[in-house]
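Protein chains in written order, with the numbering used here: chain Z, 33 to 364; chain V, 33 to 364.
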DNA sequence: TCTTTATGTGAAACCGGTTCCATAAAGGGA
DNA sequence: TCCCTTTATGGAACCGGTTTCACATAAAGA
C-alpha cells in the first residue's frame, strides 16, 4: 500500500540519494538510471510523502489565512484572491476562522500556537480588533506575517487595508456636489471599529472641504447590523436629514426597509448611500449607491506580500503598508 | 531562535524520550522531572515542531476541502460549517479551489496529487461535474473521502447532497395545491447539472401525482445565469404559463426584472418561484418564494463524515449517502 | 524473604525524505 | 602522460519528533 523512496531505490538498484536526485532534478544522475527510476515511479504510482519533505526541508509550502468568518459577502472574496495567488506558486492555504463568540484571548492563543508549531510558513491575519501588544507578540515570532484590514500603528508589520477615508470622502463629495444635499446623516459602526472611524473621518473632512458645518447630532451610532439601521431610521427622520450615509450596506438595507415600511419613498423623499458594495447591493430595490471595497484584491495582495516575505532572505526588509483604493458605485 | 526537544532534554538533564513523555502524558514520568521539564518548556517558549510530529505519527491533523470557489452565497456557508466541526476536533482545514476556466482533468490531477502526497488525512470534495471514473480512482487511493453535492451512482463512496428532488416536488405541490396553477413553466440549469436534473425530476413527478399532464414545451433550458432567465421570459409569456418555477434564484431574478420591464405584474399576472434561497432572495421586490438549501449543514456533515472515517479503524465501513432536506420558503 | 508487578528512564530505531561528503571514473587541456 | 574538472553514485548524517525495548528500582503480594 505504502511504497517509499527506499523501495524504489532497491528496485532500481540504486541508493535513495540517486532516486531523490532523479526526482528533483538536483545533482547528477545518468540518463539510463534516471529513466529506470522514473519508470518504476510511474509503475508503482509513487508519490513522495510531503510530511517527510516538509520535515527535511523545514518548510511546509502552506500559508495560513486567519479570519473571523467565511460566510457573508466579504470573506469569500478575500479567500478567493488569497488562494488564487498561493495556488499559482504551488502553496497551500490553511484556513482558520474564529467566531465572535470566542473570547479574543483564546482566538489569539489559537493562531499564535498555530504559527509557533511551524505548521505553516507564514500567515495572513484578519483580526479586526487586535491590539498592538498582540501584534508585537506575533511579529516577534519571527515569521512572515501580514495583517489585513487595519492600519496598525507603531508596530513594524506588513499591513494591507482599504482606503476607508477616501471612499467615504468621495461618497460625501458625490452627495454634496452632484445631488446638492447639505443635511446628511451618518450612521457609524461599533465604537471599536477602525473602519467605521475612518469612514466617519472621511465624512467630516468632506463636509469641511465643502464648507458645511459638521453637526454631531447627525451622527448616529450603529453597530453594522441591519437591525441598528432600522432603529436609527426614526431618529434620522426626526432630524429631517436629506440623505443618510450608512457606514455599511447592511445598515443601509435596514434603513431602506424601515423607510419603505413607513411609506417613505427611498431615493425621492430621502437618499440612502451605503459602504461595502456587498454582492446583493445591486439587487435590492432600489439598487444601492455605495462604495466598493476591493476584497478580492486584498486577498491577492495579502498572498503576494506573504510570499514575498517567505522568499526574501532579506530579514530586515522594511515593513509595508499597502492601501487599496475604494471605488464609488453610483446606482440610485 | 529554534529550540528543539533535544535541547530541552539536555537542559533538564534527561533524554528526549522523557521530554516527549512529559509533554504528551504518555508513559511514566516522575513528578519532579515532569515539573522541571514543563518549567523549561515554558521559559523557552518551546513548542514542538508539527512537521516532525506529523512525520513520526504519519498523520497531519489536516483535512482538505476542495471546492469550485469560495465566493458567492453558498460556498462560504459550506466552508464555515466544515471548519467549525474540524476545529472542534483540533483538525485543520486545507482549502483548495479550482476555477471553472481550468480544464477538468487538470483540476482532478491537482486534488488527486494533493491526496496522494499525504499532506492531508482526508478530503471533502465538491466537484459538481465529476465523472464516475475519477471518483473510483480517488477512492482507490484508500483515503477517507467524502463527495459533496452529488449523488454518485455505482461507486462506493460517502456522499452528502441536497434533496433537490423533494425540494422541487414540494414547491410544485405548493404552486398547484395552494395556488391552483396548472400551467407551470420550468427553467432548467445547464445540461450537465445534476442538481438541475433532479429539480426537473421533482417538477415532473409532482405534475404526475397531481394528475397534470407533463408538457415538454413548458420546460425551458437555462444555464443558471440571470441573463438566461431574462431570455426565457419571453418564451414563457408566449406560452401563457400561469407560473414560472426557476431552478435557481438567479434566473428567477432575471425573469422578475424582465417582467417588470415589460410592465407585467409579478405575483399577480404571473407567479415566480426560485430555488436556492440565496441571501438576497428575501430582499428583492417582491420577495421571492424559493427552496432553502442547508449549505451550512452540508459543511458540517461533510466534516463529521470525514472525521468519522479517519477515526474509524473499520476499513470496510459501509459507505453512506447522506441526504439533507430542503425547506420551502413561501414569501410572495 | 522471594517473586511479581508497577514505575521510571535512556539508547536506539524509526518516520521518509534531503543533503553533505567521500570516492571514483571519464573527459579535457597542457 | 599528468593534473584538473566534470559527471556519477552511495553512505551517512540530518530534520525533530515518537515509540519500542531493555533495564533498573521500588512497592506489593505470597
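Ideal placement from N, C-alpha and C gives every residue a C-beta, glycine not left out.
Query	Result
Spatial neighbours of residue 68 of chain Z in its chain, beta-carbon cut-off 6 Å, leaving aside the 5 residues before and after	44
Inter-residue CB distance, residue 197 of chain V and residue 180 of chain V (contact presumed, cutoff 8 Å)	Actually they are not in contact, since the Cβ atoms of residue 197 of chain V and residue 180 of chain V sit about 17 Å apart, beyond 8 Å.
Reference residue 328 of chain V; option with closest CA among V:294, V:174, V:105, V:202	V:105
Per DSSP, cross-strand counterpart(s) of residue 355 of chain Z	Z:193
Contact the segment 154-173 of chain Z vs the segment 83-101 of chain Z: 3+ CB pairs below 8 Å	yes
Residue environment, residue 117 of chain Z, which counts as buried when at least 16 other CB atoms sit within 10 Å	buried
Residue-chain proximity (residue 326 of chain Z, chain V), Cβ-Cβ < 8 Å	no
Residues from the segment 208-228 of chain Z in contact with chain V, defined by Cβ distance under 7 Å	none
DSSP-derived helix/strand/coil call for residue 221 of chain Z	coil
Distance between residue 204 of chain V and residue 293 of chain V (C-alpha atoms, nearest Å)	26 Å
Neighbour list for residue 342 of chain V in chain Z, Cβ cutoff strictly below 7 Å	Within 7 Å Cβ-Cβ: nothing; residue 342 of chain V doesn't reach chain Z, min ~15 Å.
Residue 301 of chain Z, DSSP secondary structure in three states	coil
Min CB distance residue 319 of chain Z to chain V below 8 Å	no
Cβ-based burial, residue 176 of chain Z [other Cβ within 10 Å; buried from 16]	buried
Touching by the beta-carbon criterion (3+ pairs, under 8 Å), the segment 215-227 of chain Z and the segment 263-281 of chain Z	yes
The segment 182-189 of chain Z in contact with the segment 210-220 of chain Z per 3-pair CB rule at 8 Å	no
Distance, residue 163 of chain Z Cα to residue 2 of chain Z Cα	No statement about residue 2 of chain Z is possible, as the shown extent of chain Z runs from 33 to 364 and does not include it.
Exposure of residue 115 of chain V, with buried meaning 16 or more beta-carbon neighbours within 10 Å	buried
Three-state secondary structure (DSSP) of residue 278 of chain V	strand
Contact set between residue 107 of chain Z and chain V, taken where Cβ atoms lie within less than 7 Å	108
Any C-beta of chain V under 8 Å from that of residue 104 of chain Z	yes
Cβ shell of residue 78 of chain V (< 6 Å), same chain only, five flanking positions each side left out	35, 40
Beta-carbon gap between residue 178 of chain V and residue 361 of chain V smaller than 8 Å	no
Which of helix, strand or coil DSSP assigns to residue 94 of chain V	strand
Minimum C-alpha distance to residue 271 of chain Z - residue among Z:249, Z:261, Z:86, Z:291	Z:249
Residues of the segment 296-316 of chain V whose Cβ lies closer than 7 Å to any Cβ of chain Z, in chain order	311, 312, 315, 316
Close beta carbons around residue 59 of chain Z, own chain, < 6 Å, minus the five adjacent residues each side	53
Close beta carbons around residue 233 of chain V, own chain, < 7 Å, minus the five adjacent residues each side	197
Residues that residue 79 of chain V contacts on chain Z, provided the C-beta gap is smaller than 7 Å	145, 148, 149
Segment limits, alpha helix (DSSP H) that includes residue 108 of chain Z	104-120
Check whether residue 358 of chain Z and residue 199 of chain Z have beta carbons under 8 Å apart	yes
Paired residues, beta bridge with residue 41 of chain Z - DSSP	DSSP, once it has assigned bridges, lists no residue as partnering residue 41 of chain Z.
Residue 147 of chain Z versus Z:138, Z:125, Z:170, Z:131, residue with shortest Cα-Cα distance	Z:170
Residue 286 of chain Z, DSSP secondary structure in three states	helix
Element boundaries [alpha helix (DSSP H), containing residue 143 of chain V]	136-148
Chain V within 8 Å of residue 112 of chain Z, Cβ atoms only	yes
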